[in-house]
Amino acid sequence: MTARHAALAVALAILAALPLVASPYFMHLLIQILLWGFVYTAWSLMGRFGLVSLGHGAFMGVGAYVPALLWNYYGVTPWLGIPLGVALAVLLALVIGYPCFRLRVVGHYFALVTLALSQVVMLSIVAARDFTGGSLGFTPKAAGHSWLALQFPEKGYFYGIALVLWLAGLAVWWRIDRGIGREALDAISEDEEAAAAIGIDVMREKLRVTVASAALTALGGAIYGQYMMYLNPETVSGIAVSLQIVFAAIVGGMYAVLGPTAGAVLTLLLNEGLRVAFGTSFIGAANTIYGVLLILCIIFMPRGILGALDRVKPRDARAKAVPAE
Amino acid sequence: MDIYLLEAVINGILLGGVLALLALGLNLIFGVIDVVWIAYADLVMCGMYAIYWFYAEFGWPLPLACAVALLGVAALGVLVHVLIIAPILGSAPINQLLATGGLLFFLQSFATLLFGTEFRNVGIRLPIIEIADIYISTARLLAFAMALAGAVALYVFLRRTFIGTAIRAIAQDRDIVGLMGVDQRRVYLVTSAIGGALAGLAACLLALQYDVHPFIGNTFGPLIFIICVLGGLGDMIGGFVAAFIMAQIISIGGYYSSTELSYVLAFVFFIALMFVRPRGVLAR
Chain F
1 MTARHAALAV ALAILAALPL VASPYFMHLL IQILLWGFVY TAWSLMGRFG
51 LVSLGHGAFM GVGAYVPALL WNYYGVTPWL GIPLGVALAV LLALVIGYPC
101 FRLRVVGHYF ALVTLALSQV VMLSIVAARD FTGGSLGFTP KAAGHSWLAL
151 QFPEKGYFYG IALVLWLAGL AVWWRIDRGI GREALDAISE DEEAAAAIGI
201 DVMREKLRVT VASAALTALG GAIYGQYMMY LNPETVSGIA VSLQIVFAAI
251 VGGMYAVLGP TAGAVLTLLL NEGLRVAFGT SFIGAANTIY GVLLILCIIF
301 MPRGILGALD RVKPRDARAK AVPAE
Chain B
1001 MDIYLLEAVI NGILLGGVLA LLALGLNLIF GVIDVVWIAY ADLVMCGMYA
1051 IYWFYAEFGW PLPLACAVAL LGVAALGVLV HVLIIAPILG SAPINQLLAT
1101 GGLLFFLQSF ATLLFGTEFR NVGIRLPIIE IADIYISTAR LLAFAMALAG
1151 AVALYVFLRR TFIGTAIRAI AQDRDIVGLM GVDQRRVYLV TSAIGGALAG
1201 LAACLLALQY DVHPFIGNTF GPLIFIICVL GGLGDMIGGF VAAFIMAQII
1251 SIGGYYSSTE LSYVLAFVFF IALMFVRPRG VLAR
């Protein structure tokens, strides 16, 4: 394992040193990749166990809007606002998750209930347009370079924050992957009743990943908002973002630790590459290709790109039908 | 009773007709093929663009434009089945849902690429009738009547024809039907075509009331899914009833507050009801 550890250390060192050499544009791309990679990883905490949520836009929206609103209207520092937003997202996850799991709402039904949740949050933001600016979006009050406001014009700071966040996300993923809970969750995703029969606390295990996933997604949304300094209900909540999250995680592969990040890299490069190649006259070109890619991906390699690579070197019994309902 | 409230109720009933039509199509496909077409509302968008293009740009007569759009969307439904659903019929149902989600991305962005994001209107202004101080739009009345006619036609088709009987049989028991000599592949194709045709019909009716733009599917797509879930996925009568309940919530909610809040109300009502009756309103 030492060779592996060394490689890991080198990779980390390169990532940490990047701000010294990278151009601002490149930094912007990296920050976006890290932040979205973090959110996609958070989603895959649930998705890989068959809990396909189309409601993560809701958690992200709450996480992004709560600190920004508190900052603008009450001058509350994001250091308080972000935990509050995350707490609210967790509460939302519990309010939806508990009854869903109690009543065995799974598969299609779970996906569609969570889809409704993400619409509720998005439409609420639009409806409260007197406070949130509605569809026009919302801009947090600028404070220059400020730790109190968690605003840094210098991209290096947000790169650091995003990097730490992303590593933390991977760590959570890793912990769940290697923990005892994973066996339980795998069992649940294959046959819930059988899992309950052998003494697995189905409710507890499901709620655990749901809460973790919602909290991290909200945190990602909050930092994304702080970095972008602009929030729009369409880009941080609602069905479009929810689907974006699901698909990037699937394309990258939600069964490998770096899969969701690979999804973030791929989608961003595709978007930027096409934008540079065609200019803005072909709006929609990137997503058109992306849509085709998604369909092909789900048909031909439902385990995602990293999942497909992983399969070449067979490890433990990971070759099960995916994602199970 | 407040006259404006009455107007809201009537508009709700008229809106319910089109929603019910779409819910029927989605439920038919779910009941028979066991797939949720997340991109169903975007097929409607394609149909609306077709009508706009044939009628407003090429100057075809409206009935012809509508007929071509209807058939076109039906063909699109068959294509969706053949290209996307058929290859993954054996995998987990949620994968099929996600594959049609990819289709949603594709259709919306492709429409953006082709037509841009501007709102386009077919440009037909049907008159508004006034009955005892209540204003009713003819376009909505027509949509309601046509939607009901479509539903009745579907009912007759499912009851009176051989293939209709086969479709109902498959919805009841997929495995046994094969033994009875029904060609499952053919039934799936016909079902997809009918599902597409219903979306095409809805497109004709909606094109008279709304501007078309690439993301119009997002405005009523989620609503149709929750109507279907509320009525019990695959349960056509349940979906029909749920469509009218939801339309009333939206219409009356919109009368008391704003449109967005009425949708929020509808979705919250849906989530709450899911916890009371997880298998649909009419579930036994």
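First to last, the protein sequences are chains F and B. Count the first sequence with the working numbering and you get residues 1 to 325, in order. Count the second sequence with the working numbering and you get residues 1001 to 1284, in order. From the three backbone atoms N, C-alpha and C, an ideal C-beta is built for every residue, glycine too.
Start and end residues, alpha helix (DSSP H) containing residue i
{"i": "S1109(B)", "result": "P1093 to F1115"}
{"i": "E234(F)", "result": "P233 to V236"}
{"i": "S1262(B)", "result": "T1259 to V1276"}
{"i": "R48(F)", "result": "Counting along the chain, R48(F) falls outside any alpha helix (DSSP H), and DSSP gives it neither H nor E."}
{"i": "L274(F)", "result": "G259 to F278"}
{"i": "M1048(B)", "result": "Y1040 to I1051"}
{"i": "A299(F)", "result": "The sequence given here has Ile at residue 299(F), not Ala. Element bounds for I299(F): A285 to F300."}
{"i": "V53(F)", "result": "A small correction: the amino acid at residue 53(F) is Ser; Val does not occupy that position in the sequence shown. No alpha helix (DSSP H) holds S53(F); DSSP gives it neither H nor E."}
{"i": "Y157(F)", "result": "K155 to R178"}
{"i": "S1192(B)", "result": "Q1184 to A1207"}
Cβ-based neighbour list, residue i, same chain, cut-off 7 angstroms, excluding 5 preceding and 5 following
{"i": "A68(F)", "result": "F138, P140, G225 and L231"}
{"i": "P24(F)", "result": "K155"}
{"i": "V1018(B)", "result": "A1143, A1147, A1202, L1205 and L1206"}
{"i": "Y1135(B)", "result": "E1007 and I1128"}
{"i": "A317(F)", "result": "Note on A317(F): pLDDT 43, under 50, position unreliable in the model; no value is reported."}
{"i": "L170(F)", "result": "T41 and V257"}
{"i": "M27(F)", "result": "P19, K155 and Y159"}
Contact set between residue i and chain F, taken where Cβ atoms lie within less than 7 angstroms
{"i": "N1027(B)", "result": "Those within 7 angstroms of N1027(B) in chain F number zero; the least Cβ separation is about 12 angstroms."}
{"i": "M1274(B)", "result": "V105 and V113"}
{"i": "F1225(B)", "result": "L112 and L115"}
{"i": "F1270(B)", "result": "A116"}
Helix, strand or coil at residue i according to DSSP, with G and I counted as helix
{"i": "P323(F)", "result": "Because the pLDDT of P323(F) is 47, which lies under 50, any placement of that residue in the model is unreliable, and the question is left without a value."}
{"i": "I198(F)", "result": "coil"}
{"i": "F1058(B)", "result": "coil"}
{"i": "Q244(F)", "result": "helix"}
{"i": "S213(F)", "result": "helix"}
{"i": "P1087(B)", "result": "helix"}
{"i": "Q119(F)", "result": "helix"}
{"i": "A17(F)", "result": "helix"}
{"i": "F38(F)", "result": "helix"}
{"i": "S23(F)", "result": "coil"}
{"i": "F138(F)", "result": "strand"}
{"i": "I250(F)", "result": "helix"}
{"i": "L1006(B)", "result": "helix"}
{"i": "V383(F)", "result": "For chain F, the structure presents residues 1 to 325; residue 383(F) sits outside this window and is missing."}
Beta-carbon proximity check, residue i vs residue j, cutoff 8 angstroms
{"i": "L1089(B)", "j": "A1039(B)", "result": "no"}
{"i": "A1023(B)", "j": "F1240(B)", "result": "yes"}
{"i": "G1047(B)", "j": "G1072(B)", "result": "yes"}
{"i": "A42(F)", "j": "S242(F)", "result": "no"}
{"i": "I1271(B)", "j": "A9(F)", "result": "no"}
{"i": "M1100(B)", "j": "P1214(B)", "result": "In the sequence as displayed, the identity of residue 1100(B) is Thr instead of Met. The answer is no: Cβ separation not under 8 angstroms."}
{"i": "Y1049(B)", "j": "V1212(B)", "result": "yes"}
{"i": "L30(F)", "j": "A22(F)", "result": "yes"}
Span of the beta strand (DSSP E), counted from its first residue to its last, around residue i
{"i": "E1130(B)", "result": "I1128 to I1131"}
{"i": "Y1135(B)", "result": "I1134 to S1137"}
Same chain only: Cβ atoms within 6 angstroms of residue i, ignoring 5 sequence neighbours per side
{"i": "T114(F)", "result": "S53, L54 and G55"}
{"i": "W166(F)", "result": "L34, G37 and F38"}
{"i": "M122(F)", "result": "P233, S237 and G238"}
{"i": "A1243(B)", "result": "G1016, L1019, A1020, A1023 and I1227"}
{"i": "A1169(B)", "result": "V1177"}
{"i": "N1011(B)", "result": "S1251"}
{"i": "G1221(B)", "result": "A1041"}
{"i": "A285(F)", "result": "L274 and F278"}
{"i": "T2(F)", "result": "none"}
{"i": "A11(F)", "result": "none"}
Closer than 7 angstroms at the beta carbon, the chain B residues around residue i
{"i": "P302(F)", "result": "S1091 and N1095"}
{"i": "S124(F)", "result": "V1264"}
{"i": "T288(F)", "result": "F1106, S1109, F1110 and L1113"}
{"i": "L91(F)", "result": "Per Cβ cutoff of 7 angstroms: no residues; L91(F) is ~14 angstroms from chain B at best."}
{"i": "P99(F)", "result": "F1275"}
Chain B residues whose Cβ lies nearer than 9 angstroms to that of residue i
{"i": "F247(F)", "result": "L1098, G1101, G1102 and F1105"}
{"i": "G284(F)", "result": "Q1108, S1109, F1110, A1111, T1112, L1113, L1114, G1116, T1117 and P1214"}
Closer than 8 angstroms at the beta carbon, the chain F residues around residue i
{"i": "I1084(B)", "result": "I295 and I299"}
{"i": "E1260(B)", "result": "L123, S124, V126 and A127"}
Chain-order list of residues whose beta-carbon lies under 8 angstroms from that of residue i (same chain, five-residue window excluded)
{"i": "D360(F)", "result": "Nothing can be reported for residue 360(F), as the shown portion of chain F is limited to 1 through 325."}
{"i": "P314(F)", "result": "Because the pLDDT at P314(F) is just 45, under 50, the model does not fix this residue reliably, and the value given afterwards should be weighed accordingly. The answer is none, since no qualifying residue turns up."}
{"i": "V86(F)", "result": "G63, A215, A218, L219 and A222"}
{"i": "V1078(B)", "result": "L1189, S1192, A1193 and G1196"}
Where residue i meets chain F, residues with beta-carbon distance less than 9 angstroms
{"i": "V1080(B)", "result": "The premise fails here: V1080(B) is roughly 10 angstroms from chain F at the closest Cβ pair, so nothing lies under 9 angstroms."}
{"i": "V1044(B)", "result": "By Cβ distance, chain F contributes nothing, its closest Cβ being about 16 angstroms from V1044(B), past 9 angstroms."}
Chain D contact residues for residue i, given Cβ-Cβ distances below 8 angstroms
{"i": "F1267(B)", "result": "Included in the structure are the protein chains F and B, with no chain D among them."}
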